[in-house]
Amino acid sequence: MPKRVIIVGSGIIGASVAWHLAKAGAAVTVVDEAEAGGVATRNSWAWINASWGNPEPYFRLRMRSIEEWHRLAAAVPGLIVNWCGGLIWDLPSNELDAYAAQRAAWGHPVRPVDHAEILRLEPNLRDVPARAYHVAGEGVVEPLQATLALLAAAQQLGAELLVNTPIKWLVEEDGKVSGVMTDVGAIHADEIVVAAGAGSARLLDSIGITLKMSTPAGLLSHSKPAPPLLHGLVMTPGLHLRQTAEGRIVAGTDFAGADPDGDPEGLAADLQSRVQAMVKGAEVLPLDFHTLGFRPTPADGFSAIGRPRDRPGLYTVVTHSGVTLAPALGLFAAEEILGGGRDALISTFHPDRPALQ
Ligand SMILES: Cc1cc2nc3c(=O)[nH]c(=O)nc-3n(C[C@H](O)[C@H](O)[C@H](O)COP(=O)(O)OP(=O)(O)OC[C@H]3O[C@@H](n4cnc5c(N)ncnc54)[C@H](O)[C@@H]3O)c2cc1C
0 MPKRVIIVGS GIIGASVAWH LAKAGAAVTV VDEAEAGGVA TRNSWAWINA
50 SWGNPEPYFR LRMRSIEEWH RLAAAVPGLI VNWCGGLIWD LPSNELDAYA
100 AQRAAWGHPV RPVDHAEILR LEPNLRDVPA RAYHVAGEGV VEPLQATLAL
150 LAAAQQLGAE LLVNTPIKWL VEEDGKVSGV MTDVGAIHAD EIVVAAGAGS
200 ARLLDSIGIT LKMSTPAGLL SHSKPAPPLL HGLVMTPGLH LRQTAEGRIV
250 AGTDFAGADP DGDPEGLAAD LQSRVQAMVK GAEVLPLDFH TLGFRPTPAD
300 GFSAIGRPRD RPGLYTVVTH SGVTLAPALG LFAAEEILGG GRDALISTFH
350 PDRPALQ
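Quick note: the sequence shown uses numbering that gives the first Met the number 0, first residue 0, plus one each step.
This is the structure in structure tokens:
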């Protein structure tokens, strides 16, 4: 008998866990209180990266996930990754050099580029600095499209998808988590995976498990579609920008989105005017809309993946940078849930670590 697994959450994390489990032969049901495709996921900037500010174990996990994106893109129909690379000059130059030195020490150097090279890579940028770094191996997905492609591929492998089905609490019997409670009764399975993004802590709390996390808001402005003006991701101080597959320039004060601070419309208009000033050809490009996402962020900023309190029948995957990390976390979660052991790359990211209690 295949293992029956219920996954709560159909964002990019739940979708990746679902695809990996279904591929390995599990009988998967994905349940979401809303439509398919997630909440943070659909509002994400979706940069696949191992950029600055990561301690080595987190950096190594991210690098592995970048590799796993190549595997997923080859295996999942309709899953498109744009390996466009990124230009980075959003730190003071001494910090930027320290970041580059650290990457080199870890065996993944980034390339220094001068003014002329920056303009060769992105001829439509104004006010570019004397030097920056170019990271060629990074990319981006359109996050909703990628998530729906993973879910569709999981369904092709037999997974079921239940949308508009809120899970009210986790069901526990005789010390084992055995199901989830919907408005119309319980659904039971051998394993329950909580991949509910910002809603994860509340569900875990329903059986007395604490997962300390925050859900900071991140606003992004989206222009009307324009002809191609940017080739890759551009990270400048106070303005990160990229152009989507359909031509919109998406911008935030950084990739995680801007804090709306009570005036989302004003902030979106301000971001768009900075895009207009920065990108040749975008001088009169209008703002179309803005998005506001809430980033599921475990209290110390790193992923939480594993069996909380060793509770039989329960697994959780909650993370920021979930677009980057979805392929590796989905793979490792599926392996551990199906009894294949715990990958060393996630050994430091257990949900029971003191920082999350
Ligand atoms: C503005 C912004 C920029 C970002 N930029 C990047 C970036 O550049 N690179 C990167 O790697 N990451 C980035 N992130 C982070 C990344 O998007 C998230 O880590 C990722 O989307 C999390 O996916 P998820 O599936 O865990 O959560 P979600 O997409 O939020 O999905 C969780 C799902 O669970 C469902 N759910 C919740 N509670 C329940 C319940 N009780 N019952 C049933 N269903 C439930 C929700 O409806 C939702 O569909 C960014 C995020 C934001 C908001």
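Glycine included, every Cβ here is placed at the ideal spot set by N, Cα and C.
- Ala325 and His289 have their C-alpha atoms spaced approximately 24 Å apart.
- Counting only runs that start and end inside the stretch 139-203, the beta strand (DSSP E) elements of at least 3 residues fall at 159-161, 168-172, 175-181, 184-187 and 190-193.
- Proximity of the beta carbon of Asp31 to ligand 1 is indicated: a heavy atom of the ligand is located closer than 6 Å.
- Counting only unbroken stretches of 3 or more residues, the beta strand (DSSP E) elements lying wholly within the stretch 212-258 are 216-222, 232-235, 238-242 and 248-251, in sequence order.
- The beta carbons of Asp189 and Arg3 sit closer together than 7 Å.
- Short of 6 Å from the beta carbon of Ala26, and not among the five residues preceding or following it, lie these beta carbons of its own chain, in chain order: Pro1 and Arg3.
- Shown here for Thr318: same chain residues with a beta carbon closer than 6 Å to its own, the five before and five after excluded, namely Ser302 and Leu324 in chain order.
- Annotation for Thr347: Pro56 place their beta carbon closer than 7 Å to its own, counting only its chain and skipping 5 residues before and after.
- The residue from Gly37, Tyr98 and Ser199 with its alpha-carbon nearest to that of Leu355 is Ser199.
- Separation of Ala97 and Ala197 (C-alpha to C-alpha, rounded to the nearest whole angstrom) is 33 Å.
- Here Leu286 carries a strand assignment [DSSP, helix/strand/coil].
- Secondary structure note for Arg273: its alpha helix (DSSP H) is the uninterrupted segment Pro263 to Met277.
- Relative to Asn93, the option among Met62, Arg130 and Leu124 whose CA is nearest is Arg130.
- His114: member of the alpha helix (DSSP H) spanning His114 to Leu120, first to last residue.
- DSSP lists His133 as the bridge partner or partners of Arg110.
- Per DSSP, reduced to three states, the secondary structure at Ala281 is coil, with no helix or strand assignment.
- Counted as a single uninterrupted DSSP element, the alpha helix (DSSP H) harbouring Leu328 occupies residues Gly321 to Ile336.
- Measuring C-alpha to C-alpha distances from Val112 to each of Ser9, Glu121, Trp105 and Glu335 identifies Glu121 as the nearest.
- If you look at Leu313, you'll find it in the beta strand (DSSP E) that goes Leu313 to Val317.
- Taking the Cα positions, His133 is about 29 Å away from Pro285.
- Checking the DSSP bridge columns, you'll see Thr28 partnered with Ile5 and Glu159.
- The Cβ atoms of Ala99 and Val109 lie closer than 7 Å to each other.
- Each residue's CA atom was taken as its position, placing Gln154 and Ser15 some 12 Å apart.
- Beta-bridge partners assigned by DSSP to Thr347: none are found.
- Per DSSP, the unbroken beta strand (DSSP E) holding Leu86 starts and ends at Gly85 to Ile87.
- Residue environment: Asp31 is assigned as buried (16 or more neighbouring CB atoms within 10 Å of its CB, all protein chains considered).
- Gly305: member of the beta strand (DSSP E) spanning Ala303 to Gly305, first to last residue.
- Between ligand 1 and the CB of Ser43, the shortest heavy atom gap is smaller than 6 Å.
- In the structure shown, Pro91 adopts coil according to DSSP, grouped into three states.
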